[in-house]
Structure formats: C-alpha cells, structure tokens
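Numbering (full-length UniProt numbering), first residue to last: 1 to 463. Written below as structure tokens is the structure these notes are about.
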Ligand SMILES: C=C1C[C@]23C[C@@]1(O)CC[C@H]2[C@]1(C)CCC[C@@](C)(C(=O)O)[C@H]1[C@@H]3C(=O)O
Ligand SMILES: O=C(O)CCC(=O)C(=O)O
Ligand SMILES: [Fe+2]
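Here you go:
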C-alpha cells in the first residue's frame, strides 16, 4: 500500500509524491475483482454514464485552404474562429496526411505497448522529465491514477530528436519506429503551422504571425495506450484537464473515449478515421490574450477493447516569450496572463503541479509569487551590500510594478545576476563559508559585471 505524502512548494500549490513506485500491469489488475483504490477517481470526477451526447464540432475541410483558394481560406478561418471562441475543439479532414502514415503510426503503438514491461521500461520516463515510457503514473502520483500507459518524446523540426530517442532508449532494432514517428511528427508540424496561419487570420493578426512564432518549436509527441478495464465506471484513462501546450492534434483509433466538457456537461467526440481532432491549449489561450479557449477534456476507458491515440502537442521553442501580439491587447482587452516561457510552464507541470483545468491560473499566480520572493531576495542582497545610491532597490520596486512584463519575469528566472549601483553594474560572487557580509563602500561579494550584453538586458528589464 502506498502512503500519501504531500510536499509544499508554495502556499497555494502542493504536489503529491508517492512513497514507492508500483507497476501498472492492466492484465494482472484485471484478474482482481476490484481495481486498486488509487485508480478510483473521486465521485465528482468519475465518468458519467450518460455522456453519449456528441459534441458538435466543425469538420473543417482543408483542401481549399491548402490549394491556396482565398475564399476557402476565409471560410475556414471563420469556422475555426467560431469553434475556438466557444470550446476550442474542431476536426480537420483533407489535411494532406497520408492514411498509410497514420496506420503505420498506430501499428507501432500496438507493437510497442504489447511488448513485455521490462522491454518498455528501457525507455522509462525519469522523475521531473516529460519524455519516456510511463505505466500509468505510479511513480509520479499517489492517487487518481490514470488507466493508461504512455510513451512521450520530443520533436523539433529538421532535427533527428525522434529517431535518436528510439535508438538511444530502445536500441537499434527500433530504428524503424523512429523513422515512422519522425515522419509522422514532421507531418504534424506542417499541419500545425498551417493551422497557425488559419488561427492568425481568424484573430485578425495576419497569416504569418503565429506561423513564425512556432516556426522553431520544441514539441511533444505522445502515444497513449488505454487497456480495457473491468470497472471503467470508476476510473479514467486521462483525467479532466486543459492541455498546457499550444495546439494538440489528436488521432484516435476506432474505439472512442475522448470527451469534452461543454455547456455544463461531458460530450463525446466520436472517432473518425480520416479526421484529426484539434484543440487549443493553455499556451495558445495566453497567446490569444484569452480570446480562444483551452477547454476541459478527458479520456474514458471501457471493458472490452484497448484504445490507442496519437497526440502531437505543438509547443513554442523553450525560451521563446509567450506574449499576445499588440493587436490583441488594448484598454478593452488588457493582458489576461503574464509573459512566460514554455520551459517555465513545462517545468511547472512536471515538477510542481499536475496539469488539470486550472493549470494556467495556478502557474500565473505561482510565477508572480515566486517573482515577488526573488525581488525581496534581490532587495536584501542590494541592502546587505550597502551600495551607494541603492539604485538597484529603486529599480526593483519598478520591476515589481512591471510584474506582467517578461523582463521582470527574467528576474525570477535568472536573478539575482547583477545589480546596478555605486556607479556601475555588479554581479554576485558566492560568499565563502563563514565570510561576513560586506559593509560600507566595500562591495564584498559583488564583483564588477563584465558582460555588456547582459548589462544592457538587465538595464532593459530593470528600468
Ligand atoms: C506538458 C504535458 C503534460 C501532460 C503531457 C503534456 O505533454 C501535455 C498534456 C499533459 C497531460 C496529458 C494533462 C492531463 C494530466 C497528465 C498528467 C496526463 O494524464 O498525462 C498530463 C501530462 C503530464 O505528463 O504531465
Ligand atoms: O486519448 C485521448 O483521447 C485524449 C488524450 C489527451 O487529452 C492528452 O493526452 O492530452
Ligand atoms: Fe489533452
């Protein structure tokens, strides 16, 4: 039995840490009369038996847009815009991706997850990392465990990350898997950049804006495998959540299980072999300044058949600043979220917070709280060194006012790196054990700061 421990990371956010890793072996678990308590979801999150109603999502035909017909593109942009303002889900057909590639990708899912556990564990996901094999999340969470196995890996355009992942973790015999998923991810990348053009048109910021923003991207591909379960009414394959990422392109096999929370109830998106389900994630919600919605969804499991889905999560390059274009901000639509980097949000979901329906709000509060603490530390540092003029402190107060600016965010991410005062820029030198704090004009642990570019950027974010 796993005992539940809670670790505080901030006054608002707690993460669970299981005391021991237990293996999720669905075949074994299905021989038991009951499923273990850790897989049983609380009453208010359990699957609803009456969620048969279908979610009405537009079926967007991309043929006209892809062949460059302007009127077709306008229609597509309008339909996508309507869906994204409501629930953020739509489907695309005639997307240009070969059905053979999709079939090959599903075959490899089947082949990978039907291997013995020991084999799959060669690609085991490590704590705090987003990639690798996970049998449920037994080593990660202690309750509300999902009834699924996943294999996740990174993708970046024109790189060999995918191929390298398979060969490095599973060996040279898996080169073919690497080739299939490399090709699949390249196709997903192309499709998601096309969709970014459509989103740009629909938001009135031009076709190029979001395409260019995501041209370089650090995306995640995830293979989901949901084994059958003898008590599907008690558990979930994927719990209720909004994707923290930017855009998700999902292909589900013919079993079905994807549900979206719309108009106050759970509705189903039935599988359609020639369609991809697309949805807006939290990061795009922030990029659109809250105009487009990242919507709550989940995956249910069933008694009879294993289910597979392929999820491509488009994400920005890790250090790219996520901020809406100026056109989407104004007196009537002030900034809805602070600037952030995808690397910070990804780390938040992997180390501090289990992604759910409130991830973006929790993250926004968290970075602001952390930033405030960093400012205070920075302020104490400046004070403890008694720099004449203490311009650093003045700047810091300014930075707190500019909490919503990326430059202030940098303070949280990188600071304290340097402060300004006493007629120059100073960087911190770690104090030796037992070394006293500096007094008076003596700069003590502060060394003159050399790097000009850093100085400039610091001036930029402090002033
Ligand atoms: C950045 C991510 C976190 C999750 C995978 C993903 O790449 C995008 C979606 C996230 C997730 C699927 C949302 C539901 C909860 C979660 C824990 C899961 O059930 O898989 C999430 C993923 C995660 O591994 O943290
Ligand atoms: O498998 C599905 O249908 C949905 C999975 C999902 O929502 C996710 O992986 O983020
Ligand atoms: Fe999702």
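From the three backbone atoms N, C-alpha and C, an ideal C-beta is built for every residue, glycine too. Here the structure is a predicted model, which is why all the values come from computation and not from measurement.
- Around the beta-carbon of residue 63, fewer than 16 other beta-carbon atoms lie within 10 Å, marking it exposed.
- Residue 234 holds the alpha-carbon nearest to the alpha-carbon of residue 44 among 137, 78, 234.
- Note that the C-beta distance between residue 309 and residue 243 is not below 8 angstroms.
- Scanning 147, 30, 47, 60 for the CA closest to the CA of residue 38 turns up 147.
- The alpha helix (DSSP H) runs of length 4 or more contained entirely in the UniProt domain "Fe2OG dioxygenase" (216-316) are, from start to end of the chain, 282-287.
- DSSP places residue 57 in the coil class of the three-state scheme, outside both helix and strand.
- Residues of the same chain with a CB within less than 7 angstroms of the CB of residue 88, apart from the 5 flanking positions on each side, are 279, 280, 292, 293, 294, 295 in chain order.
- Within its own chain, the residues whose Cβ lies closer than 7 angstroms to the Cβ of residue 61, once the five positions on either side in sequence are excluded, are 93, 94, listed in chain order.
- Measuring C-alpha to C-alpha distances from residue 86 to each of 376, 260, 214, 240 identifies 260 as the nearest.
- Burial is judged here by how many other beta carbons sit within 10 angstroms of a residue's own beta carbon; residue 47 has at least 16 and is buried.
- DSSP places residue 145 in the coil class of the three-state scheme, outside both helix and strand.
- Chain-ordered, the residues whose CB falls short of 5 angstroms from any heavy atom of ligand 2 come out as 224, 238, 258, 299, 309, 311.
- 153 is the residue among 209, 153, 58, 357 whose C-alpha sits nearest the C-alpha of residue 218.
- In the DSSP assignment, residue 135 falls within the unbroken beta strand (DSSP E) covering 132-135.
- Within the same chain, and ignoring the five residues on either side of residue 53 in sequence, the residues whose Cβ sits closer than 6 angstroms to its Cβ are 267.
- Residue 166 has its Cβ no nearer than 7 angstroms to any heavy atom of ligand 1.
- Leaving aside the five residues that flank residue 355 on each side, the residues in its chain whose CB is nearer than 8 angstroms to its CB run, in chain order, 241, 242, 243, 244, 349.
- About 20 angstroms separates the Cβ atoms of residue 224 and residue 143, ruling out a contact at the 8 angstroms cut-off.
- For residue 89, the uninterrupted beta strand (DSSP E) run begins and ends at 89-93, by DSSP.
- For residue 200, the enclosing alpha helix (DSSP H) covers residues 175-203.
- A residue is called buried when at least 16 other Cβ atoms come within 10 angstroms of its Cβ; residue 175 does not meet this threshold and is exposed.
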